[in-house]
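K.L.:
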Amino acid sequence: MIAEIGLAALWLAAALAVLELLGGFLGARDENNELTALVRPAAVMQGVLCGVSFLALVYLFAVTDLSVKLVAANSHSMKPLAFKLSGAWANHEGSMLLWITVMALAGGLIAFIERRLPEKTMMATLGTQAFVGLGFYLFILLASNPFERLSPVPADGNGLNPLLQDMGVSFHPPTLYIGYVGLSVAFSFALGALLTRQVTPEFARVMRPWVLGSWIFLTIGITAGSYWAYYELGWGGWWFWDPVENASLMPWLAATALLHSASVLAARDALRTWTIMLGVVAFSMSMVGTFLVRSGILTSVHAFAVDPERGSFILALLALYIGGALVVFAMRANTIAEGQRFALLSREGALVVNNVALSAILGIVLLGTLYPLLTEAFDVRVSVGPPYFNPVSAIFFLPMLVVLAVGPLLRWRTDNFARIKWPVIAIGVASLVALAVVLVFFDTSVLSLLGMGLSIGVAVASFLPLKGRAIRRVPLAVWGMCIAHFGVALALFGVAADTAFQKERLVAVSPGDTVEVGPWEATLASVSPVAGPNWTAMQGDIFVSYQGGEQTETLPQARSFWAPPGETSEVALVTRWNGQLYVALGNMAEDGRWQLRLWWKPFVTWIWYGGLLIALGGCLALVGRVVSDLRRRKAEQREEAMRTEEAELASA
Amino acid sequence: MKRLRYSLWIIVGLAAALFGLFAYQLTQPKDEFVESAMVGEPMPDFELPPAVQDRPGLSRADLADGTPKLLNIFASWCIPCAAEAPQLAALERRGANIVGVAIRDRPEDVQRFLAIYGNPFSRIGRDDISEVQLSIGSSGVPETFVIDGSGTITYQHIGDIRDRDVPTLLEELRKAGG
């Protein structure tokens with residue numbers, strides 16, 4: 010019954026999307042059309058219905074209703090409850106339902122609260138949102154129904170891939186999806202503004218919190234995903250340039266660029282065409298990413314459902330939406346009047362450089378991700394990895410960091426170098442001193458060296474915009490920018506230091522043996538079997554000490570799951586402020602010794618702290634923007650009220 | 003303004019080309035037979051412990067002892083490996099010297115597998131982390147390589163050995179011997 014309610018809610022939502030689509034586009038032509046009044050309620054109800062449908066699926070997983078095919082295929086009655094729940098979205102059908110639910114909720118929310126734009130623009134925006142949504146409703150209902158029943162009912166389910174039985178996975182996909190799909194709002198706003206010729210600073214102000222919100226979720230999702238891969242896969246790496254990682258990075262790069270160009274449009278009424286373009290590109294990258302993951306067209310550790318039929322369906326949607334948006338853009342772009350002009354040396358100029366660099370990195374990542382697909386068409390198999398991505402993206406990343414350091418110090422419109430001479434010199438000196446220290450005391454690669462030098466410079470620069478301001482009066486959005494930029498410096502330092510100073514040992518040891526790795530000493534005390542709810546494991550009991558100090562006990566495990574069968578490595582981590590010791594237990598060798606893999610990773614945790622700070626900066630900016638928007642709106646209302654009062658008094 | 007418009011259509015064209023590529027690749031059957039780039043190359047250096055008690059392990063030196071051999075990559079958990087057992091037995095009867103590498107397996111499971119399906123192997127190495135498999139460019143189980151007397155890979159057979167493959171493999175072995 011619950012499954013049927015979920016399915017019915019989804020069909021109803023799809024029907025409402027048709028109504029919203031028709032009403033939206035008719036309303037964009039003539040706002041007095043009768044259907045126009047139904048558009049906003051239709052959008053809100055879709056959000057509610059999709060929420061019901063998603064909760065129904067989560068409930069089915071919670072009670073392990075094995076008469077539902079998806080539950081039987083992906084869950085197991087013996088699984089802990091948290092993983093039963095996360096099982097609802099850790100599969101193709103469930104994740105697509107999550108996708109459309111987030112999209113419908115976002116569409117409902119803008120329909121409910123957003124009243125600042127001209128009504129015609131809003132109608133075109135909601136119509137676009139419904140048009141995109143409709144494709145995904147059809148995809149779920151026709152090609153990936155999560156509520157399909159199974160007959161006969163099996164005795165028990167297949168279980169969930171052991172790699173995915175982890176708390177990280179419970180939150181990683183929903184976070185990323187909210188980010189991915191939240192960008193659909195930016196896409197719809199961009200097309201709405203384009204179709205009704207309303208590319209104005211007001212449009213940028215309305216769109217910005219949505220971009221910011223999605224971007225925060227993407228940032229957290231990518232950071233969490235990177236940490237999950239780091240401790241769960243047992244390889245000790247935190248970024249693999251895997252196609253699916255790239256699929257989440259590309260929308261993030263586009264959203265970061267969009268965020269900055271929307272700020273220029275909102276503050277200075279410049280970069281109009283460019284902002285629209287990025288709005289289209291950001292969500293397009295989300296869709297391309299979903300296509301790459303879901304079609305199984307690229308080989309990746311993440312590709313779950315390899316199904317050409319579903320792949321063709323998503324490809325058709327992709328061609329329709331991205332192709333359609335680009336055609337509309339190409340046809341309409343020259344109706345957008347040129348915005349305000351600005352000098353090269355100005356805040357706008359710096360943001361343009363930032364945008365160009367981010368877009369270039371986006372292009373590099375896209376090319377690297379798709380290149381194997383291209384050469385395969387000519388029967389050449391290649392694999393593109395860090396040797397391409399690292400240096401080529403660094404070419405654009407390093408100049409971008411310089412602009413990131415200097416840009417916030419510049420004034421809007423035009424500026425002269427003499428005014429910011431001293432802060433720039435301070436940043437330069439900080440970078441050069443850091444560079445010299447690393448160069449003299451350590452032997453590292455050029456990229457790590459530049460990374461460490463620049464990260465110190467950026468760290469200093471990130472708080473310079475606060476100079477000369479009364480600290481208590483600094484707007485939240487400026488704090489947000491400073492903290493996010495500082496987060497970039499922190500993450501960059503972590504990346505460079507980990508790459509430069511990492512120590513690795515792979516040894517076979519018997520109980521009682523001691524191994525050294527960097528400043529650490531590790532002694533294997535014993536290895537013993539342990540059992541969990543749906544796995545058994547060999548657990549190493551290893552005592553480690555940093556520079557001969559106090560001993561800490563670590564318990565890495567090699568786990569074997571039985572439903573479905575699989576093995577994972579549960580690494581043990583010892584975190585200090587200046588890095589992490591990573592201990593992974595391998596198999597037993599013939600002679601009774603155990604394989605032990607140890608890494609000392611200096612400052613590696615700073616990568617994720619940096620990621621979280623970037624997200625925190627985004628949150629502060631979001632709160633600051635929303636609060637100041639509300640204040641402005643209230644002030645406008647008060648003014649309006651006073652004016653009517655005056656008018657009434659005058660007429661009386 | 004006119005120039006801007008053309009450059010925008012270029013973006014549309016690029017997107018169309020991309021979708022074309024996607025569509026083409028979707029219709030292509032997923033090719034699971036990835037030929038090893040190691041054919042024609044000498045075997046890399048390795049040393050594997052024995053997988054079962056009654057057969058010795060396998061190292062690079064064992065493959066360069068002057069006699070050409072078949073190197074069979076298998077596992078007890080692999081169903082096509084059971085299906086190719088009669089063909090391996092036939093190859094052994096017709097004089098092939100076959101050595102095995104058991105991939106990610108347990109000794110007791112290998113023992114049971116060989117007890118049921120027969121043991122055509124003169125040596126079986128135990129490769130718990132697929133190191134040898136990866137180093138010779140094998141992407142799955144089962145696969146069979148022909149190694150000449152000097153330890154050079156001369157031929158690769160991907161997938162299970164069917165009846166019709168037996169003469170081919172014998173011919174390849176003969177070529178490797180001469």
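These protein sequence lines are chains A and B, in that order.
Counting from 10, one number per residue, gives the positions in the first sequence under this note's numbering.
Counting from 3, one number per residue, gives the positions in the second sequence under this note's numbering.
Just so you know, even glycine gets a beta-carbon here, dropped at the ideal spot from N, CA and C.
#1: Within the present structure, is the beta-carbon of GLU525 (chain A) separated from the nearest heavy atom of the ligand NAP by less than 7 Å?
#2: Pick helix, strand or coil for PHE76 (chain B), following the three-state DSSP scheme.
#3: Output the boundary residues of the beta strand (DSSP E) element that contains ASP550 (chain A).
#4: With H, G and I counted as helix, E and B as strand and the rest as coil, what does DSSP make of SER62 (chain A)?
#5: For a cutoff of 8 Å on Cβ pairs, would you count GLU385 (chain A) as touching chain B?
#6: Compare the C-beta of ALA342 (chain A) against all C-beta atoms of chain B and say whether one is closer than 8 Å.
#7: In or out: ILE149 (chain A) buried (at least 16 other Cβ within 10 Å) or exposed?
#8: Below 8 Å on the Cβ atoms is my guess for ARG505 (chain A) versus GLY460 (chain A); work out the distance and round it to an integer in Å.
#9: Is the shortest distance between the beta-carbon of GLN158 (chain B) and the beta-carbons of chain A less than 8 Å?
#10: Taking Cβ-Cβ distances below 7 Å as the criterion, which residues of the region 8-31 of chain B are in contact with chain A?
#11: Quick one, are the C-beta atoms of VAL101 (chain B) and ALA53 (chain B) less than 8 Å apart?
#12: Taking Cβ positions, are VAL143 (chain B) and ILE118 (chain B) nearer each other than 8 Å?
#13: Compare the Cα-Cα distances from ARG281 (chain A) to each of A:SER637, A:SER257, A:THR344, A:LEU326 and report the closest residue.
#14: How big is the Cα-Cα spacing for LEU327 (chain A) and HIS181 (chain A)?
#15: Less than 8 Å between the beta carbons of LEU73 (chain B) and ILE149 (chain B), yes or no?
#16: Quick one: measure Cβ to Cβ for GLY416 (chain A) and ARG478 (chain A), integer angstroms, because I've assumed they're closer than 8 Å.
#17: What's the gap between the Cα of ASN543 (chain A) and the Cα of ALA593 (chain A)?
#18: Quick check on the burial criterion: 16 or more other C-beta atoms within 10 angstroms. Buried or exposed for VAL583 (chain A)?
#19: Just to confirm the assignment: which complete beta strand (DSSP E) runs, minimum length 3, are found wholly within the region 451-539 of chain A?
#20: In whole angstroms, what separates the C-alpha of LEU90 (chain A) from that of ALA71 (chain A)?
#21: My parser needs the beta strand (DSSP E) runs of 3 or more residues fully inside the region 70-116 of chain A; what are they?
#22: Flag this pair as yes or no: are the beta carbons of ALA493 (chain A) and THR423 (chain A) separated by less than 8 Å?
#23: Taking Cβ positions only, does ASP130 (chain B) come closer than 8 Å to chain A?
#24: Flag ASN364 (chain A) as yes if its beta-carbon sits less than 8 Å from any beta-carbon of chain B, otherwise no.
#25: Under 8 Å Cβ to Cβ from VAL337 (chain A), same chain only, skipping five residues before and after it: list those, please.
#26: For SER295 (chain A), decide whether its Cβ has a neighbour in chain B, counting only Cβ atoms nearer than 8 Å.
#27: Chain B beta carbons: is any one of them nearer than 8 Å to that of HIS311 (chain A)?
#28: Would you say GLY332 (chain A) lies against chain B (beta-carbon separation less than 8 Å)?
#29: Decide if the region 76-96 of chain A is in contact with the region 47-59 of chain A; the criterion is three or more beta carbon pairs, one per stretch, under 8 Å apart.
#30: Which residues in the same chain have their Cβ closer than 7 Å to the Cβ of LEU407 (chain A), if we skip the five residues on either side of it in sequence?
#31: By a C-beta neighbour count over all protein chains shown, 10 Å radius and 16 as the cutoff for buried, is ARG95 (chain B) buried or exposed?
#32: Determine the direct distance from the alpha carbon of CYS80 (chain B) to that of LEU448 (chain A), and round the result to whole angstroms.
#33: Is VAL592 (chain A) helix, strand or coil when you go by DSSP?
#34: So, is GLY394 (chain A) buried or exposed, given that buried needs 16 or more other C-beta atoms within 10 angstroms?
#35: Given this structure, state the Cα-to-Cα distance separating GLU385 (chain A) from GLY103 (chain A), to the nearest angstrom.
#36: So, are the CB atoms of ARG128 (chain B) and GLY59 (chain B) less than 8 Å apart?
P.N.:
On the basis of the data shown:
#1: The ligand NAP is not part of this structure, which contains no ligands at all.
#2: Locating residue 76 (chain B) in the second sequence gives position 74, where the first residue counts as 1. Looking at PHE76 (chain B) - three-state DSSP - the assignment turns out to be strand.
#3: By one-based count along the first sequence, residue 550 (chain A) stands at place 541. Looking at the DSSP string, the run of the beta strand (DSSP E) that includes ASP550 (chain A) is 544-555.
#4: Within the first sequence, residue 62 (chain A) is the residue found at index 53, counting from 1. The answer is helix: DSSP assigns SER62 (chain A) an H, G or I state.
#5: Here residue 385 (chain A) refers to the residue found at position 376 when the first sequence is read from its first residue. Yes, its Cβ sits closer than 8 Å to a Cβ of chain B.
#6: Position 333 of the first sequence holds residue 342 (chain A). With 8 Å as the cut-off, ALA342 (chain A) counts as an interface residue toward chain B.
#7: Here residue 149 (chain A) corresponds to residue number 140 of the first sequence, with the count starting at 1. Buried, because 16 or more other Cβ atoms sit within 10 Å of the Cβ of ILE149 (chain A).
#8: Along the first sequence, one-based indexing puts residue 505 (chain A) at 496. Along the first sequence, one-based indexing puts residue 460 (chain A) at 451. This sequence places Ala at residue 505 (chain A); Arg is not what is there. Their Cβ separation, rounded to whole angstroms, is 3 Å, which keeps ALA505 (chain A) and GLY460 (chain A) in contact under 8 Å.
#9: Walking along the second sequence from the start, residue 158 (chain B) turns up at place 156. Closer than 8 Å: no.
#10: LEU10, TRP11, ILE13, VAL14, ALA17, ALA18, PHE21, LEU23, PHE24, ALA25, TYR26, GLN27, LEU28
#11: Along the second sequence, one-based indexing puts residue 101 (chain B) at 99. Along the second sequence, one-based indexing puts residue 53 (chain B) at 51. It is not a contact, given that the beta carbons lie outside the stated cut-off.
#12: Walking along the second sequence from the start, residue 143 (chain B) turns up at place 141. Walking along the second sequence from the start, residue 118 (chain B) turns up at place 116. Not in contact: VAL143 (chain B) and ILE118 (chain B) (Cβ atoms no closer than 8 Å).
#13: If you number the first sequence from 1, residue 281 (chain A) lands on position 272. The candidate whose alpha carbon is nearest that of ARG281 (chain A) is A:THR344.
#14: Counted from its first residue, the first sequence places residue 327 (chain A) at position 318. Counted from its first residue, the first sequence places residue 181 (chain A) at position 172. If I take the Cα positions, the gap works out to 24 Å.
#15: Within the second sequence, the letter at position 71 stands for residue 73 (chain B). Within the second sequence, the letter at position 147 stands for residue 149 (chain B). Contact: yes.
#16: Translated into the one-based positions of the first sequence, residue 416 (chain A) becomes position 407. Translated into the one-based positions of the first sequence, residue 478 (chain A) becomes position 469. Actually they are not in contact, since the Cβ atoms of GLY416 (chain A) and ARG478 (chain A) sit about 17 Å apart, beyond 8 Å.
#17: Working through the first sequence from its first residue, we reach residue 543 (chain A) at position 534. Working through the first sequence from its first residue, we reach residue 593 (chain A) at position 584. Rounded to whole angstroms, ASN543 (chain A) to ALA593 (chain A) spans 21 Å at the Cα level.
#18: The residue you call residue 583 (chain A) lines up with position 574 of the first sequence. That one is buried.
#19: 512-518, 523-526
#20: Along the first sequence, one-based indexing puts residue 90 (chain A) at 81. Along the first sequence, one-based indexing puts residue 71 (chain A) at 62. As the crow flies, the alpha-carbon of LEU90 (chain A) is around 7 Å from that of ALA71 (chain A).
#21: none
#22: Within the first sequence, numbered from 1, the residue matching residue 493 (chain A) stands at position 484. Within the first sequence, numbered from 1, the residue matching residue 423 (chain A) stands at position 414. Cβ atoms of ALA493 (chain A) and THR423 (chain A): not closer than 8 Å.
#23: For the purposes of this step, residue 130 (chain B) is identified with residue 128 of the second sequence, where counting begins at 1. So yes, ASP130 (chain B) belongs to the interface.
#24: Counting from 1 along the first sequence, the entry for residue 364 (chain A) is found at position 355. No, because no Cβ of chain B sits closer than 8 Å to the Cβ of ASN364 (chain A).
#25: By 1-based counting over the first sequence, the position of residue 337 (chain A) is 328. Here the set comprises LEU200, LEU203, LEU204.
#26: As a first step, residue 295 (chain A) must be located in the first sequence, where it is residue number 286. For SER295 (chain A), the answer is no, since every Cβ of chain B falls outside 8 Å of its Cβ.
#27: In the first sequence, counting from the first residue as 1, residue 311 (chain A) sits at position 302. Its pLDDT being 46, under 50, HIS311 (chain A) is placed unreliably in this model, and the coordinates cannot settle the point.
#28: Along the first sequence, read from residue 1 onward, the residue named residue 332 (chain A) stands at position 323. Cβ-Cβ to chain B under 8 Å: yes for GLY332 (chain A).
#29: no
#30: The residue given as residue 407 (chain A) occupies position 398 in the first sequence. Counting only Cβ-Cβ distances below 7 Å, and skipping sequence neighbours, we find LEU459, LEU463.
#31: What you label residue 95 (chain B) is simply residue 93 of the second sequence in a count that begins at 1. The residue is exposed, with fewer than 16 neighbouring Cβ atoms inside 10 Å.
#32: Working through the first sequence from its first residue, we reach residue 448 (chain A) at position 439. Working through the second sequence from its first residue, we reach residue 80 (chain B) at position 78. LEU448 (chain A) and CYS80 (chain B): Cα-Cα distance of roughly 53 Å.
#33: Here residue 592 (chain A) refers to the residue found at position 583 when the first sequence is read from its first residue. DSSP places VAL592 (chain A) in strand when its eight states are reduced to three.
#34: Within the first sequence, numbered from 1, the residue matching residue 394 (chain A) stands at position 385. Its Cβ having fewer than 16 others within 10 Å, GLY394 (chain A) is exposed.
#35: Stepping through the first sequence from its first residue, residue 385 (chain A) is reached at position 376. Stepping through the first sequence from its first residue, residue 103 (chain A) is reached at position 94. Whole-angstrom Cα-Cα distance: 31 Å.
#36: For the purposes of this step, residue 128 (chain B) is identified with residue 126 of the second sequence, where counting begins at 1. For the purposes of this step, residue 59 (chain B) is identified with residue 57 of the second sequence, where counting begins at 1. Cβ distance < 8 Å, so ARG128 (chain B) and GLY59 (chain B) count as in contact.
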